[in-house]
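Novice: First residue of the sequence shown? That's -13 in the working numbering, and the numbers climb one at a time after it.
Every residue, glycine too, gets a C-beta built ideally from N, C-alpha and C.
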Amino acid sequence: MRPMHSSSAAAAQAPSRRPGVAGWTMAVVALSIAAWLGALVFMGGMDEGPGTPLNRLPVFLSGWVVMLTAMMLPSELNYIGAFAVLLRGRGLVARRRGLMTSFISGYGIAWIAYGLVAYVVDWLIRAISPEMIAWNRAGPYIAGSVLVFAGLYQISRLKHSCLTGCRSPLSFFARYWGATIMLAGR
-13 MRPMHSSSAA AAQAPSRRPG VAGWTMAVVA LSIAAWLGAL VFMGGMDEGP GTPLNRLPVF
47 LSGWVVMLTA MMLPSELNYI GAFAVLLRGR GLVARRRGLM TSFISGYGIA WIAYGLVAYV
107 VDWLIRAISP EMIAWNRAGP YIAGSVLVFA GLYQISRLKH SCLTGCRSPL SFFARYWGAT
167 IMLAGR
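(1) Put A120 into one of helix, strand or coil per three-state DSSP.
(2) Just curious, the alpha helix (DSSP H) that M29 is in, first and last residue?
(3) Classify A20 as buried or exposed, calling it buried when 16 or more other Cβ atoms lie within 10 Å of its own Cβ.
(4) Apart from the five residues just before and just after S131, which ones in its own chain have a Cβ nearer than 8 Å to its Cβ?
(5) Taking 8 Å as the threshold, find out whether the stretch 104 to 122 comes into contact with the stretch 82 to 92 through three or more Cβ pairs.
(6) Please report the distance separating the alpha-carbon of V51 from that of G67.
(7) Over what stretch of residues does the alpha helix (DSSP H) that includes I90 continue unbroken?
(8) With DSSP run on the structure shown, which of helix, strand or coil describes R161?
Structure below.
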């Protein structure tokens, strides 16, 4: 085992410099433990495999929001931080709470709306032609097609152009909020 440099040792022992990170980390760990315990207790229905209905809308939306939080929040935090800096740079600190709430809510509402559309499409397919997605019929072909299209998307120009616009919150705000983004960081 090689010795750590003094700066590495200090960094490993130093608490996070971001306020509230420890609290949020503990909350996420607690929610994860609760979710796993819930999965163990309510395992019935989770073992039905492909073609399982999405359950009732409130249950689906609850799971969808939890998934959104787990998957999207880490990358969204960059945008939230950049937006907070931008508000300070524009002198909008007094309106910060309302603007931040609108910013975060808009993101969540857009993804919840997407989940609702997916839920309705699933419900319509099951109501109109349930055999269309039966696993012993077209199900494997549908799943295979989704994987092929997902793979094609991974090598497409569309993916590249979408990621170009999404990778950096700074470029997004500079594009839509103008040159004041440069002043906001000062």
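Specialist: Looking at the coordinates:
(1) coil
(2) Run containing M29: none; DSSP gives neither H nor E here.
(3) exposed
(4) none
(5) no
(6) 21 Å
(7) 82 to 114
(8) helix
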